[in-house]
Structures are given as structure tokens and as C-alpha cells.
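Working notes for the structure below.
Right, dumping it as C-alpha cells:
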């Protein structure tokens, strides 16, 4: 600390301390010392500084702000001379406060003088910030391009926030927020919201209404900015009166419009014809590769991979324009039984235009050896390349490189691909006809053909009408529409989504739209996407455009997607359903319209991951930009986006300086980072959504996050963090906290119980969870809205029951044991039966305990629980259980005998890595509703019971890494079913 004291003294003695220009460099360098010092103090002395932690965080943020002003004075020339000089004085005062805190921390106390000095310092910082705000208004809407979609949804979001604010402690006794003023603003906006609802059908046909609509939304966005900036203490409260006046003007104008317009009368002449949306009479088949008529193509590609040809490593390339179905074809081949049984190892990686060698190697290895993703992430490129070569060596492998744009990816990867002359293959899909010839001249190139008119017609019928076929009354217009799709499968499925939600008498208008102009094929697809987009409801448009924030061709985890939609305010609240269930309805609607594809299914039904076609992704990015909805950074000097966007996403700009982004986009509400950016660390204060992507925090938690009072969604990647600071309670609106990559259990503070809005506490690393504090568990409140939880417990502490009692709404729970040296006490029973809403439960590393399960449980996963097979009957009696996964060391013993009447509703059964499991006995009455059976790496199991073939609902049996006798028993089951005329049962066998 001596250097800080000496520098402060030097500044204090300077006769020119009032002249910042002469001391600018000295002050700036000094501030650069102070900021990390405060950070160190906050992180290392959290318990001692707990009484003033919020003040310390505000000091940290304030000094960062002043550092930016010092380093970039040329950008802020309008600030008065006195205000600039005040910065130097603040630097001296801050140094004295920090030195005092260090001394007092050593002496285990906080002196009153230090406390008073800190209070005074924060007051001066607020004064500087207020001056800055007046000169550079953060709430200025001049040139502010607010989003032009989901405007009523945005108004509803504002009204919900006003209602919550009026009831919150934040405005009690606040001069900035008189309760009556907030209530008046709320009531006025409720009136305007009602009026907008009345004119929404006519506004596009009347310039006066359109102008009024836009100005109301401008006032709403301005009001939201003023209120939100005031809540974070940035001195914007004086704008509230301006907002109130603007609202009043709009109310008067609304009344005048109401008096002058006759509702229900004739609409303005010259209105453009629009299509009438109707309740869907036709259910569009979900994304199903079997629907695409590519049988001859599948056979050709499969033969190229598995029959004849060179024994050397060879390349097969599927080429063609976007929308022809290259990825679909490759996926069908990749998952076909003949290909799965032919190759020992298979891996799939979607390359696209944005990729890194490190990520490519990680994803390929994870595709081959699942469950080691975080381990691979920690390795460098060289080690990954070596590991991949070791894994593939002496194995016949198939590697798919989907959507390859150049030869760089191949050149980087080639050294990791061994050629053992055993028939290994590389399958590539690309838009570029001659790409594979650039790096392997003798590769097999397969140009994918267009659909014939008859095939397009058959595909459209299957998508729209299923097995029933097209009604005669629609066959004429429907076949013409199919012909207009130019043989592109993507256009066919997009058009089917439009037709399914369009009144039959408007189908001819769809035909006209598709054939109105002669355009290039890709442009034709874009026009069809525009047509599909225009048919979406206001609720669905932002949900679709949000896909533009994610990387092209990448699978998006559905659970995270829903949490993002909800945090953004896209999902309407209803009395009948949870927000997550409403979000699921939105996704199903987008899937039904063939705009989104389900890339991975959940065992309980529904989507686990989804993606959009690369052309749909391109459309989303372009449209989001047009609508001022989302700005995707392509370069730091990219000025083509909105001037002041609410949502910013960085997928390609390396080492983005976040503090510069804050200055450029001060009102940004959502920040999604997919690069390892330089946070600085100064974050936009109005953030509701923060996803820090691949940025890794080693052994500490970024405390600056706790200043984000409006934050609803927080996702970050940590490594070695084992506790969350108590200041997380500052995030009083937080709904989702997603912790990625952390391999350690993470202790939550006692203040976690104060975040009443929490819905999801989740870790992506399955061997880590959140540890709740065990003190004062009898004291309310609880987390009554918590829906999803990764939990780590010490069962010997007897606190589990008390914790669960405070979490009554949990629907999805993953629970594991923390490291504990104490032995099991009491009856050794862990009771989860108090969770009446629990639907999905995963238990890991809970050895030596019995379990009580709730009767509503639908999905159960056990791993390392060491249960005897005699306990399986407890599970078998659960009346609603649909999915059961028995994984590594979940049950011990050689024999499982299924009792009569057990598992009445089980649809999916997975048995994995049960190493001493040898004999499985069942009867034809067991598993009456079983649809799928997976058996993998049960090395001693002798066979699958033949009676399972008699289950009328069984559709699929998958066997991986088991004895040949198990594979033979499954083949026998399938053959017996075929002999009885049942061709529906499919099997998949991998050795």
C-alpha cells in the first residue's frame, strides 16, 4: 500500500492539483493502480467488508468510470473544467479511503472516519456522474432506434415492471420515486395500452394512427430508460416530469383520435391484401427426415461410404445450393443402421463460416467420447490433436464435416486423422462444388439434385396432410404451389408452414406471392421466409429473430433458450400455464411452421435442442437488424446496425473492449458474448440479460456483476469457484443463474433466500451443484418460484428436508452428495416425496442411502447410488414414471427380476455401465407401454429378455458396447416380430 499512499501524497502536495491537464497522466496511472486494489480488497476481505460491500462495489464502478473519462478526454470535451479537476481530487480521496480500509481490515474493524469518508466519496462520484448525464444524456431518444416488433409485448413488460416497482421496497421513502407518481404513470400507460389494442388492426392502413403508435412507443421506451437509470442511481430522476408530460400529451391525442374515428367502419382505401390467419386445420408434420424423398440419394452415399472403394482414408462430398437438403441427407446416412454398424467410431462437426480449431477438436472428441466435454475444454490445441489421433488410431471411423466453406478446416484437422488403410471415411457437405478437389483431388463429389415436381408435391402433402393426403378441393392450388417451390425441399417445408396457418380461400394469394417475380433460387427462399415471418403473431416474431444471436448451424439448448425468452419479456404470462410451458408452446408453433428444426429430442418428449437452417439464420440476422431488434457485431467499426441497440451479440469480433461498447451503446439491455472478450471490467448498467460465453473466470466471481440491478439472466463460465458472494442479493430481479464449466460445488450465501424472483439455479457440469446454507432454515422466506435446481448436499447434516421444504415449486432437480467425511446417520433415507410438483429427478453419488420419491415423478436418473436390485420395486410402483435411466453403479448385483404390475407407464428405459449386471428376467406383462430400450456397456449381460418383443408399443432397441449374445438376442426379437408381420420395430447395434 506504500506506493498508493506516496502517490496520493504527491498529488495532494502538487500546487497544480486543481489543473487536471498537467497531472492527467499521473492521475490516470494512479487510477489504474487503485481499481485492481479495490477489487483485491473486495474479493479477499468479503466477510470483513460485508457491512459496506454495496458501497465498495459502487466505488469500484465509479472509479472505473472516471478512468474511462481520463483516458479518453477528447471524447468528452463538453465537461466543465471544474468537473474535470474534481476527478483528481477524487483519486486522492479514494486512495486515502482504500489505505484506511486496508489498515482497519488488519485491525479487524472499520473506523467511523473511514466510513464517513467513503460516504462522502460516493456522494462526489454521484455528482460527477450526474454532471456527465446532463451533458451526455443517457436517456436521449433522438436517433434512438427502438425495436419495431413485439411493441405491445414491450408495453406489457413495462407495465409488469411498473406494477412490481410500485409494490417494491426500492421506492418506499424515495424522493426520486414518489409512489403516487409511479402509480399515475402506470395507470396512464394502461390507458394507452388499451387504446393501442383497439387500433392495432387499422394502424398500418392509416398514417395518422401509425404516427401516433410510434410516438406512444417512443414515450414508453423513454419512460423505461428514465426509470431504469434512476434505479441504478445515475441521477435521471429529473427526467420523470418530462415523461409524465409526454404521456399526458399522448393521452389527450388518443382521446381526440377516439372521438374522430369510427371503429368497425370501412378501412382506408388501397389497403394491401393480407392473408387471414386461421386456427390450424392442418397439423404440419414435425421436422422428420423420413419425409424427405431422398431414398436413391441415401443409397448412393451409403454405398460410397461402406462398399468398395479404396481401403485408404477417403473423402465423399455432398454439394449443392442452400435449401437442397445436404445436411438432411448426411444426417440420414450418418444415423442409418448399416453405417452405424460399419464404423467403429463416428463424429459430426458443423463447421460453417465461424469456427475455431480448438472448438472443432473439442466437439469432435465429445461426439466420439461423450461425458468429457469440460475435460476437453481445458486442453490446448496440440493436446487435443494428439488425443483425437489416439482415439481414432486403429479404428474404422466416419467423420462428418457439415457446411464446409474452405479448405482451412481440413488442413488444420488432417494431421489428427490417422490412415490405417481400414476403410475410414470423411463425409463433407458444402455449397462449393469443387471444394473437396482442392485438398483431395480423387475425392468423390456428389452433386445433390433438386426434387422433381412429383416429389415436391408428395413432400408438401406429407407435411400438410400426413397419410390422409390432400383433399380433392385443394389439390389443384396445392400442386401449383408445390411446383412453384422450384424443387427446393426447404421452400416446400416453409410453404407448408404458411399454408397450415392460412385460410384456404387465401391459398391462391400464396401462389401469387411465390410466382410474382423471377428471382434467383436463394432470393426466392428469402422471399418465402419473409412471407412466413409476416404470418407470425407478434409473440412469435421476436422468438424467431432471437436465433440470429446464436452461431450459425449450432444446436441451441432449448432450456436455455426458454430462459432467455422469458428474461427478455417475450413470453406472455398466463394463469393456466407456467412461463416455461408457454415458451414451449411458442417453440412448437415455430417448429410446426418449419422455421425451426428439432435437432435433439427429450426422452420425456419435446425438444432438447433446436436449430435453424443457415438461410433462416441469415434471414434472422438481417431482419433483426432492420427491425432494430438485435445488433450482431461483425467488426468493431461496424456502423451498419442501429445507432443505440437494446441487444448486442458478439460472435466474431476478437478481444472486444466492453468499456468501449458501454460508451457506444449505453442503453443496451442484453449482451451475449461468444468470444473471449476483454470485459475491462465495466458492464452496461441496464443489462437484463448477460451471457459471458467462453470467457472463463478462474477461482473468483466477477463482483462487478452485482451492480446490475435489472439483471434477470446471468450465464458465465467459471473454473474453481467454490462460493458465491453475499452481494448476489443485489440482483433482486434475477430469474436465471447458469454456471458453466465449474467442476466444484458452489456454496450459496444466506442472502440467496432474499432473491424471491429466482426460477432457475443450474450448473452445466453434472458433477457440481449449489450448496445451500444450513443456518436458520426454519426462518422464512423460501424460493417459492424456483423451478430448476442443481443441488449438492451433505446428507449427514439432516438439512435436506428443511431445504426442500423451502423450495415447494421445484419441477426439475439434480442432486448429488458433497464431499463429506461423516457417515450416514439415522435411517439413511433421503426423502424427496415432499416435492409434489417434481417431475424430473437425477441422483448422483449418493451411496448408502435409500430414497422416497414423489408420486408425480415422470423421469428418474440414478448414477453411483449402489442400490440393491431389491429396491427397484420401489421405483417400479411409481404410477406416472415414463423415463428411467439406470447409469454407472446405480444398482449392484447380477440379477434383476421384474415383478408383475411394475412400470405401468414407462416409455423409455436406459441401462448403462451396470458392470456386474448379468441376468434380466421379465414377463410379457411387464413394461406395457415401453417405446424405447437402450442398453450400453453392460459388459456381463447375457441377453435382452425375448418377451420384450411382445410389447405392443416398442419402437426401438439400441445396443452399444455389449456382448455379441446381447446383440444376437435383439436381432432375434426383431426377426420374431417381422415373422408376425410387425415391421415397426427398429434396432441399432454398435460394437
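In the working numbering, the protein residues as written are 1105 to 2095. All C-beta atoms in this analysis are idealised placements derived from N, C-alpha and C, irrespective of residue type, glycine included.
| query | result |
| --- | --- |
| Please report how far the alpha carbon of residue 1703 lies from the alpha carbon of residue 1709, in whole angstroms. | 13 angstroms |
| Here's the rule: buried if 16 or more other CB atoms are within 10 angstroms of the residue's CB, otherwise exposed. What is residue 1392? | At residue 1392 the pLDDT is 47, less than 50, meaning the model places this residue with poor confidence; the figure from the coordinates comes in the next sentence. Exposed is the call here. |
| Quick one, which of 1866, 1319, 1906 and 2040 has its alpha-carbon nearest residue 1885's? | 1906 |
| For the region 1632 to 1711, list the beta strand (DSSP E) runs that are entirely contained and at least 3 residues long, ordered along the chain. | 1701 to 1705 |
| Please report how far the alpha carbon of residue 1533 lies from the alpha carbon of residue 1473, in whole angstroms. | 23 angstroms |
| Where residue 1657 and residue 1840 are concerned, what is the direct C-alpha to C-alpha distance, given to the nearest angstrom? | 25 angstroms |
| Going by other Cβ atoms of all chains shown within 10 Å of its Cβ, with 16 needed for buried, is residue 1199 buried or exposed? | buried |
| Alpha carbon to alpha carbon, how far is residue 1900 from residue 2030? Give it in angstroms, no decimals. | 37 angstroms |
| Do residue 1460 and residue 1489 have their CB atoms nearer than 8 angstroms? | no |
| Under 6 angstroms Cβ to Cβ from residue 1999, same chain only, skipping five residues before and after it: list those, please. | 2023 |
| Measuring only the C-alpha atoms, how far is residue 1117 from residue 1862? | Low confidence applies to residue 1117: its pLDDT is 41, below 50, so where it sits in the model is not reliable enough to give any reading. |
| Using the Cα positions of residue 1290 and residue 1263, report the straight-line distance between them to the nearest angstrom. | 6 angstroms |
| Please state whether the Cβ-Cβ distance between residue 2160 and residue 1938 is less than 8 angstroms. | With the chain covering only 1105 through 2095, there is no way to say anything about residue 2160. |
| Hey, how far is the Cα of residue 1405 from the Cα of residue 1437? | 7 angstroms |
| Would you say residue 1694 and residue 1426 are within 8 angstroms of each other, going by their C-beta atoms? | no |
| On a Cα-Cα basis, can you pick out the residue from 1298, 1946 and 1635 that is closest to residue 1698? | 1635 |
| Extract the residue ranges of the beta strand (DSSP E) inside the region 1998 to 2027, only unbroken runs of 3 or more that lie entirely within it. | 1999 to 2001, 2012 to 2016 and 2023 to 2025 |
| At the level of alpha carbons, what is the spacing between residue 1230 and residue 1650? | 36 angstroms |
| Measure the C-alpha to C-alpha separation of residue 1439 and residue 1830 and round it to an integer number of angstroms. | 49 angstroms |
| Could you give the distance in angstroms between the alpha-carbon of residue 1345 and the alpha-carbon of residue 1270? | 17 angstroms |
| To the nearest whole angstrom, what separates the beta carbons of residue 2062 and residue 2092, a pair I think is in contact under 8 angstroms? | 5 angstroms |
| DSSP on residue 1611, reduced to helix/strand/coil? | helix |
| As an exercise, report each continuous alpha helix (DSSP H) stretch of at least 4 residues that is fully enclosed by the region 1849 to 1922, in chain order. | 1904 to 1909 |
| With residue 2060 as the anchor, note down where its alpha helix (DSSP H) starts and where it stops. | Careful: residue 2060 lies outside any alpha helix (DSSP H), inside the beta strand (DSSP E) at 2060 to 2064. |
| Quick one: give me the first and last residue of the alpha helix (DSSP H) that residue 1793 is part of. | Note, residue 1793: premise wrong, no alpha helix (DSSP H); beta strand (DSSP E) at 1793 to 1802. |
| Report the residue from 1664, 1643, 1659 and 1679 whose alpha carbon sits nearest the alpha carbon of residue 2096. | Outside the displayed span of the chain (1105 to 2095) sits residue 2096, for which this structure offers no information. |
| Do you know offhand how far residue 1994's Cα is from residue 1688's? | 32 angstroms |
| Evaluate residue 1605 with the Cβ neighbour count: other Cβ atoms within 10 Å of its Cβ, from every protein chain shown; 16 or more gives buried, anything less gives exposed. | buried |
| Using DSSP with H/G/I as helix, E/B as strand and the rest coil, what is residue 1821? | strand |
| For the 8 angstroms Cβ check, are there 3 or more pairs between the region 2043 to 2056 and the region 2064 to 2080? | yes |
| Should residue 1918 go down as buried or exposed, given a rule of 16 or more other Cβ atoms within 10 Å for buried? | buried |
| Please list, in chain order, all residues of the same chain as residue 1442 whose beta carbon is under 8 angstroms from its beta carbon, the five residues on each side excluded. | 1406 and 1410 |
| Kindly identify the DSSP beta-bridge partner or partners of residue 1754. | 1737 and 1777 |
| Ignoring anything shorter than 3 residues, give me the beta strand (DSSP E) runs that lie fully in the region 1503 to 1543, in order along the chain. | 1529 to 1534 |
| For residue 1220, count the other beta carbons within 10 Å of its own beta carbon; 16 or more makes it buried, fewer makes it exposed. Which is it? | exposed |
| Quick one: what's residue 1945 bridged to in DSSP? | 1917 and 1964 |
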